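First comes the structure, then the notes that go with it.
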Amino acid sequence: KAGVTQTPRYLIKTRGQQVTLSCSPISGHRSVSWYQQTPGQGLQFLFEYFSETQRNKGNFPGRFSGRQFSNSRSEMNVSTLELGDSALYLCASSYSDSDFEAFFGQGTRLTVV
Amino acid sequence: AQSVTQLDSQVPVFEEAPVELRCNYSSSVSVYLFWYVQYPNQGLQLLLKYLSGSTLVESINGFEAEFNKSQTSFHLRKPSVHISDTAEYFCAVSRPASSYKLIFGSGTRLLVRP
Numbered sequence: 001k002a003g004v005t006q007t008p009r010y011l012i013k014t015r016g017q018q019v020t021l022s023c024s025p026i027s028g029h030r031s032v033s034w035y036q037q038t039p040g041q042g043l044q045f046l047f048e049y050f051s052e053t054q055r056n057k058g059n060f061p062g063r064f065s066g067r068q069f070s071n072s073r074s075e076m077n078v079s080t081l082e083l084g085d086s087a088l089y090l091c092a093s094s095y096s097d098s099d100f101e102a103f104f105g106q107g108t109r110l111t112v113v
Numbered sequence: 001a002q003s004v005t006q007l008d009s010q011v012p013v014f015e016e017a018p019v020e021l022r023c024n025y026s027s028s029v030s031v032y033l034f035w036y037v038q039y040p041n042q043g044l045q046l047l048l049k050y051l052s053g054s055t056l057v058e059s060i061n062g063f064e065a066e067f068n069k070s071q072t073s074f075h076l077r078k079p080s081v082h083i084s085d086t087a088e089y090f091c092a093v094s095r096p097a098s099s100y101k102l103i104f105g106s107g108t109r110l111l112v113r114p
């Protein structure tokens, strides 16, 4: 059974650009969550999608957005990139909202220059 | 709101020695508790979890954690560590009503020396 796949693994962008990150959950999983990991702020919850609906959003500016498709694949988008957006972005999937085990992908390392 | 405190940013220990990684949480409601491990350039892997029932939970690779409600703690222990246990360990909590939203501690880097 394939794990959570995140693409790309590494990305370098320039300030002011926008970026889209992709996450393919484990087959059959319907919940996808996104986290930002930085040395200064640690791991922070961005948002979660379940059956194409955003159920919760963390304390991030509107530049951070996401969506989920009917096949449960999810994308997150960051517009007008800032240097502080440099981070490891992690995606996690779980089977349902009563499934307490979240499976994480390897992450996308975003560097903003 | 929930919060998690991991007091030790780094714990150096010799191989085959015991180790304890400390985790304290703050919450006005009941929570689920988790320990995740992160190896370099990898995502997070669930080590163990406490949802309810027995306060002592164990992982398949020798780690255990005990939920202590009165002390609001969920410390991780291993009686004998291996070099391969070197990694970053994160304690996390979630509310039962929104179990998909994990609140993480700042992490503890376990450094096992030969």
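Protein chains in written order, with the numbering used here: chain A, 1 to 113; chain B, 1 to 114. Where a beta carbon is used, it is the ideal one built from N, C-alpha and C, also for glycine. All of these numbers come straight from a predicted model, not from anything done at the bench.
Boundaries (first-last residue) of the beta strand (DSSP E) holding residue 82 (chain B): Taking the second sequence and counting its residues from 1, the one referred to as residue 82 (chain B) is at position 82. Boundaries cannot be given for residue 82 (chain B), as no beta strand (DSSP E) includes it and DSSP labels it neither H nor E.
Run through DSSP, which three-state label would residue 84 (chain A) get? Indexing the first sequence from 1 puts residue 84 (chain A) at position 84. Residue 84 (chain A) sits in a helix when the DSSP states are folded into three classes.
Looking at the secondary structure, which residues open and close the beta strand (DSSP E) in which residue 41 (chain B) lies? Counting from one through the second sequence, the residue named residue 41 (chain B) turns up at place 41. Looking at the DSSP string, residue 41 (chain B) is not in any beta strand (DSSP E), and its letter there is neither H nor E.
Expressed to the nearest angstrom, what Euclidean distance is found between the alpha-carbon atoms of residue 94 (chain B) and residue 12 (chain A)? Position 94 of the second sequence, counting from 1, holds the residue named residue 94 (chain B). Position 12 of the first sequence, counting from 1, holds the residue named residue 12 (chain A). Approximately 33 Å, taken between the alpha carbons.
Which residues in the same chain as residue 48 (chain A) place their Cβ atom closer than 6 Å to its Cβ, once the five residues preceding and following it in sequence are excluded? The residue labelled residue 48 (chain A) in the question sits at position 48 within the first sequence. So the qualifying residues of the chain are 33, 55 and 56.
Answer yes or no: does any C-beta atom of chain B fall closer than 7 Å to that of residue 77 (chain A)? If you number the first sequence from 1, residue 77 (chain A) lands on position 77. No, because no Cβ of chain B sits closer than 7 Å to the Cβ of residue 77 (chain A).
What do you reckon, are the CB atoms on residue 90 (chain A) and residue 112 (chain A) nearer than 7 Å? On the first sequence, residue 90 (chain A) is found 90 positions in, with the first residue counted as 1. On the first sequence, residue 112 (chain A) is found 112 positions in, with the first residue counted as 1. No, these two residues do not count as a Cβ contact at 7 Å.
Can you give the Cα-Cα distance for residue 56 (chain B) and residue 41 (chain A), rounded to whole angstroms? Along the second sequence, one-based indexing puts residue 56 (chain B) at 56. Along the first sequence, one-based indexing puts residue 41 (chain A) at 41. Cα-Cα distance, rounded: 30 Å.
Taking only beta carbons into account, state which residues of the region 26–57 of chain B come closer than 9 Å to chain A, listed in chain order. 32, 34, 36, 38, 41, 42, 43, 44, 45, 46, 49 and 51: these are the residues of the region 26–57 of chain B whose beta carbon lies less than 9 Å from some beta carbon of chain A, given in chain order.
So, at 6 Å on beta carbons, what are the nonlocal neighbours of residue 22 (chain A) in its own chain, with the 5 sequence-adjacent residues on each side left out? Locating residue 22 (chain A) in the first sequence gives position 22, counting from the first residue. So the list reads 7 and 75, once near-sequence residues are dropped.
Within 10 Å of its beta-carbon, does residue 114 (chain B) have 16 or more other beta-carbons around it, so buried, or fewer, so exposed? Translated into positions along the second sequence, residue 114 (chain B) becomes position 114. Classification for residue 114 (chain B): exposed.
Could you tell me whether the Cβ of residue 54 (chain A) comes closer than 7 Å to any Cβ of chain B? Counted from its first residue, the first sequence places residue 54 (chain A) at position 54. No, residue 54 (chain A) lies away from the interface with chain B (no Cβ there is under 7 Å from its Cβ).
When DSSP builds the beta bridges, which residues end up paired with residue 78 (chain B)? Residue 78 (chain B) sits at position 78 when you count from the first residue of the second sequence. Looking at the DSSP output, residue 78 (chain B) shares a beta bridge with B:19.
Comparing the C-beta of residue 100 (chain A) with each C-beta of chain B, is any distance below 7 Å? Counting from one through the first sequence, the residue named residue 100 (chain A) turns up at place 100. Residue contact with chain B for residue 100 (chain A): present (Cβ-Cβ distance below 7 Å to some residue of chain B).
Locate the beta strand (DSSP E) running through residue 66 (chain A), then write down its first and last residues. The residue given as residue 66 (chain A) occupies position 66 in the first sequence. Unbroken beta strand (DSSP E) run through residue 66 (chain A): 64–68.
Please decide whether residue 3 (chain B) counts as near chain A, where near means a Cβ-Cβ distance under 7 Å. Your numbering for residue 3 (chain B) matches position 3 in the second sequence. In terms of beta-carbon proximity, residue 3 (chain B) stays away from the interface with chain A, with every pair separated by 7 Å or more.
Is it the case that the Cβ atoms of residue 25 (chain A) and residue 72 (chain A) are separated by a distance below 7 Å? Translated into positions along the first sequence, residue 25 (chain A) becomes position 25. Translated into positions along the first sequence, residue 72 (chain A) becomes position 72. In terms of Cβ geometry, residue 25 (chain A) and residue 72 (chain A) form a close pair [threshold 7 Å].
Could you work out which residues of chain C lie near residue 102 (chain B), taking near to mean beta carbons separated by less than 9 Å? Among the protein chains of the structure shown, namely A and B, there is no chain C.
Which value, in whole angstroms, describes the spacing of the CA atoms of residue 61 (chain B) and residue 49 (chain B)? The residue labelled residue 61 (chain B) in the question sits at position 61 within the second sequence. The residue labelled residue 49 (chain B) in the question sits at position 49 within the second sequence. Taking the CA atoms as reference points, residue 61 (chain B) sits about 14 Å from residue 49 (chain B).
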